[in-house]
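1 is the number of the first residue of the sequence shown in UniProt numbering; add one for each residue after it. Notes follow the structure.
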Amino acid sequence: MKVCALRLLGAATLVAAVAAGCGGGGSAGGDDRVMIGVSVEKTGPVPALGNALKGAEAAARAINAAGGIDGREIELVVRDNAGDPSKAIANVEEFHDRGIGIVVGPVFGQNCEAVAPIVAKNDMVDFCLSTQDLNPELVERQFGIGVGYTETVGFDVAFLATRGERIGVLGEKGPAGDRTESIAEPAARAAGATVQFERIETTDTTAKPQIQKLLANGVESIYIVSCGPIAIAAAREAIDLGFDGTVLMPNCFASAAGGEAMKGFANGNVLISAPEFLLGAPPLGGRKAAIERYQDEIDAPDTVVAAGWDAVFFAAQAIEQTGSTEPEAIASTLEDDFRFAGVWHAGTTTAADHRGAITDGALVPAEVTPQGTFTPLEAKR
1 MKVCALRLLG AATLVAAVAA GCGGGGSAGG DDRVMIGVSV EKTGPVPALG
51 NALKGAEAAA RAINAAGGID GREIELVVRD NAGDPSKAIA NVEEFHDRGI
101 GIVVGPVFGQ NCEAVAPIVA KNDMVDFCLS TQDLNPELVE RQFGIGVGYT
151 ETVGFDVAFL ATRGERIGVL GEKGPAGDRT ESIAEPAARA AGATVQFERI
201 ETTDTTAKPQ IQKLLANGVE SIYIVSCGPI AIAAAREAID LGFDGTVLMP
251 NCFASAAGGE AMKGFANGNV LISAPEFLLG APPLGGRKAA IERYQDEIDA
301 PDTVVAAGWD AVFFAAQAIE QTGSTEPEAI ASTLEDDFRF AGVWHAGTTT
351 AADHRGAITD GALVPAEVTP QGTFTPLEAK R
């Protein structure tokens with residue numbers, strides 16, 4: 001059976017070769033494998049984040065079926081960090097002890113932050129699946145998958161400014177909310193708008209008092225910045241209180257499950273910034289080949305699944321381009337204007353920016369429909 005060693009000069013290159021049937025899935029066998037540690041939140045407070053594993057496993061299967069990385073199959077070593085930073089650290093330490101220097105995950109921002117110094121200390125390389133901004137002091141060997149938090153909040157606020165000058169924000173209490181506020185306020189000023197903040201706890205069951213304050217101050221849109229169940233409750237309460245402005249949901253709900261949760265109160269004013277591959281329209285631009293392959297192989301309408309998929313393709317392309325599985329060499333490649341076009345993540349990483357993701361194609365303003373689907377606003381004009 002023929003083995004095709006694919007030169008991964010871009011995600012589209014690999015996708016096109018796989019789609020053409022290159023390779024016969026020949027096994028590298030024995031120890032001649034590319035070992036990747038995967039640490040995800042399969043259990044814990046937000047087990048949905050564990051869905052990243054579904055994407056990672058599907059990507060590994062697709063790459064292996066196409067001949068692997070220079071004939072070497074990928075083998076994933078999976079561990080559950082249960083949403084606990086100490087367990088995430090323990091997972092990375094175990095990978096290191098087993099001689100595995102390449103890591104995918106975690107997905108929780110706090111877990112990525114916890115493992116970053118461990119990855120650097122052990123001379124490993126890590127692909128963080130969280131949108132949390134990467135701390136320049138800690139991310140010597142950590143690279144982000146997907147659009148970062150600063151870019152996401154800035155994009156959403158700028159969009160809302162086109163729908164009215166007074167933006168209400170429901171942000172979380174504590175450092176997460178402080179970070180949201182520090183991004184949203186200058187973004188609003190730059191767009192000629194103002195923001196009013198109200199704080200919520202992720203464990204809250206209602207946000208009615210906060211919403212009533214926002215409505216009393218005449219906000220024209222409400223931006224909910226929380227990935228907990230309170231976000232769904234708050235959106236429903238805003239509609240029930242008669243708010244007829246825009247309710248913008250956080251893009252962590254851009255999935256089939258999120259659409260299902262929101263369809264009961266979708267009234268034409270509930271919007272979300274969704275990635276291109278969830279919107280049903282034919283994909284365009286640099287992501288086209290990656291999206292088509294993803295939809296052929298897995299078709300999971302979920303950004304978390306897509307992040308896991310992209311991370312493995314991202315790692316495979318970096319290994320192939322480097323010609324080595326040595327983490328230090330891979331990190332050097334990734335810091336040298338490394339370009340990648342995937343399903344959820346696309347952009348260029350550099351020494352100054354270990355994420356380098358672009359919003360184009362990743363954040364598209366869309367309406368949540370009563371059927372639980374997403375329709376890009378451009379399609380409704």
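We put the beta carbon where it would ideally sit given N, CA and C, even for glycine. In this text, all values refer to a predicted model and were calculated from it rather than measured experimentally.
Nearest to residue i (by Cα), restricted to the options the options
{"i": "residue 124", "options": "327, 106, 334", "result": "327"}
{"i": "residue 378", "options": "88, 291, 346, 273", "result": "273"}
{"i": "residue 260", "options": "219, 293, 373, 73", "result": "373"}
{"i": "residue 241", "options": "60, 207, 263, 365", "result": "207"}
{"i": "residue 294", "options": "167, 336, 341", "result": "341"}
{"i": "residue 289", "options": "174, 268, 267, 313", "result": "313"}
{"i": "residue 229", "options": "212, 257, 39", "result": "257"}
{"i": "residue 75", "options": "87, 65, 60, 85", "result": "60"}
{"i": "residue 140", "options": "113, 163, 162", "result": "113"}
{"i": "residue 162", "options": "149, 191, 180", "result": "191"}
{"i": "residue 227", "options": "255, 330, 329, 296", "result": "255"}
{"i": "residue 251", "options": "197, 203, 149, 202", "result": "149"}
DSSP-derived helix/strand/coil call for residue i
{"i": "residue 377", "result": "helix"}
{"i": "residue 98", "result": "coil"}
{"i": "residue 370", "result": "coil"}
{"i": "residue 21", "result": "Summary for residue 21: the model assigns pLDDT 37, below 50, so the residue's position carries little reliability, and this model does not support an answer."}
{"i": "residue 27", "result": "With a pLDDT of 27 at residue 27, under the threshold of 50, the modelled position of that residue is not reliable, and the figure given next carries that caveat. DSSP places residue 27 in coil when its eight states are reduced to three."}
{"i": "residue 365", "result": "strand"}
{"i": "residue 88", "result": "helix"}
{"i": "residue 346", "result": "strand"}
{"i": "residue 73", "result": "strand"}
{"i": "residue 127", "result": "strand"}
{"i": "residue 299", "result": "coil"}
{"i": "residue 277", "result": "helix"}
{"i": "residue 357", "result": "strand"}
{"i": "residue 65", "result": "helix"}
{"i": "residue 103", "result": "strand"}
{"i": "residue 287", "result": "helix"}
{"i": "residue 141", "result": "coil"}
{"i": "residue 37", "result": "strand"}
{"i": "residue 214", "result": "helix"}
Within 8 Å, strictly: CB atoms of residue i and residue j
{"i": "residue 357", "j": "residue 129", "result": "no"}
{"i": "residue 126", "j": "residue 248", "result": "no"}
{"i": "residue 333", "j": "residue 318", "result": "yes"}
{"i": "residue 390", "j": "residue 262", "result": "Residue numbering for the chain in the displayed model covers 1 to 381; residue 390 lies beyond these limits and cannot be assessed."}
{"i": "residue 92", "j": "residue 107", "result": "no"}
{"i": "residue 338", "j": "residue 348", "result": "yes"}
{"i": "residue 237", "j": "residue 199", "result": "no"}
{"i": "residue 105", "j": "residue 40", "result": "yes"}
{"i": "residue 205", "j": "residue 176", "result": "no"}
{"i": "residue 134", "j": "residue 354", "result": "yes"}
Rounded straight-line distance, which links the Cα of residue j to that of residue i
{"i": "residue 152", "j": "residue 309", "result": "20 Å"}
{"i": "residue 34", "j": "residue 225", "result": "38 Å"}
{"i": "residue 253", "j": "residue 131", "result": "14 Å"}
{"i": "residue 351", "j": "residue 321", "result": "17 Å"}
{"i": "residue 178", "j": "residue 187", "result": "14 Å"}
{"i": "residue 390", "j": "residue 231", "result": "Residue 390 lies beyond the residue range present for the chain, which begins at 1 and ends at 381; the question has no answer from this structure."}
{"i": "residue 214", "j": "residue 168", "result": "6 Å"}
{"i": "residue 316", "j": "residue 62", "result": "11 Å"}
{"i": "residue 51", "j": "residue 222", "result": "29 Å"}
{"i": "residue 136", "j": "residue 117", "result": "11 Å"}
{"i": "residue 209", "j": "residue 174", "result": "19 Å"}
{"i": "residue 329", "j": "residue 143", "result": "14 Å"}
{"i": "residue 212", "j": "residue 219", "result": "10 Å"}
{"i": "residue 182", "j": "residue 331", "result": "30 Å"}
{"i": "residue 189", "j": "residue 286", "result": "32 Å"}
{"i": "residue 217", "j": "residue 243", "result": "12 Å"}
{"i": "residue 180", "j": "residue 336", "result": "30 Å"}
Beta-carbon proximity list for residue i, same chain, < 6 Å, skipping 5 on both sides
{"i": "residue 80", "result": "42, 43"}
{"i": "residue 37", "result": "77, 95, 100, 103"}
{"i": "residue 376", "result": "279, 364, 366"}
{"i": "residue 145", "result": "127, 129, 307, 310, 311, 345"}
{"i": "residue 159", "result": "365"}
{"i": "residue 359", "result": "147, 151, 155"}
{"i": "residue 32", "result": "72"}
{"i": "residue 165", "result": "193"}
{"i": "residue 245", "result": "220, 221"}
is_contact[residue i, chain B] using C-beta, thresh 8 Å
{"i": "residue 78", "result": "Of the chains in the structure shown, none is chain B; there is only one protein chain."}
Contacting residues, own chain, Cβ-Cβ under 8 Å from residue i (five flanking each side not counted)
{"i": "residue 368", "result": "249, 259, 262, 263, 266, 270, 271, 272, 374"}
{"i": "residue 298", "result": "54, 55, 58, 305, 309"}
{"i": "residue 362", "result": "146, 147, 275, 276, 344, 345, 346"}
{"i": "residue 185", "result": "195"}
{"i": "residue 138", "result": "113, 116, 117, 120"}
{"i": "residue 89", "result": "114, 115, 118"}
{"i": "residue 239", "result": "247, 265, 267, 269, 270"}
{"i": "residue 86", "result": "114"}
Own chain, CB closer than 7 Å to residue i, minus 5 neighbours either side, in chain order
{"i": "residue 122", "result": "96"}
{"i": "residue 82", "result": "41, 43, 44"}
{"i": "residue 49", "result": "40, 41, 107, 108, 304"}
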